[in-house]
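The structure under discussion appears below in the form of structure tokens.
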Amino acid sequence: MSAQSPLTGITLVDCAKSNAKLGLTIATKQCGYGTDNVAFQLALQQSCKDLGIAYDGLDSLITEQQVMQMSQGVEIAPDNASDL
Numbered sequence: 001m002s003a004q005s006p007l008t009g010i011t012l013v014d015c016a017k018s019n020a021k022l023g024l025t026i027a028t029k030q031c032g033y034g035t036d037n038v039a040f041q042l043a044l045q046q047s048c049k050d051l052g053i054a055y056d057g058l059d060s061l062i063t064e065q066q067v068m069q070m071s072q073g074v075e076i077a078p079d080n081a082s083d084l
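In structure tokens:
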């Protein structure tokens, strides 16, 4: 669900972090900035600076755990529960 107004501070950083893997456009919208990518990036950069968080673009907020979840291989499972 998108924020109704632009987020700031730790709330913005948390929102951006959880949506970073979905891309800039979606993260911008989800964090309440609509289609204003520039305002979103400036606010995010300032919030990260204020909180002492290293920020080098939206991709820098993607955690190793998120990367591992995105790059997991093939899931092997039975076709139905009775085959367990």
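If you count by the UniProt record's numbering, then the sequence shown holds residues 1 to 84, one letter each, in order. Beta carbons are placed, not taken as given, at the ideal position from N, Cα and C, and that holds for glycine. Remember, it's a predicted structure, so these values are computed and weren't measured experimentally.
Looking from the CA of residue 33, the closest CA among 61, 15 and 82 belongs to 15.
Taken through DSSP and simplified to helix, strand or coil, residue 9 comes out as helix. Leaving aside the five residues that flank residue 24 on each side, the residues in its chain whose CB is nearer than 7 Å to its CB run, in chain order, 37 and 58. For residue 83, there is no enclosing alpha helix (DSSP H), as DSSP gives it neither H nor E. For residue 26, the enclosing alpha helix (DSSP H) has its first and last residue at 24-30.
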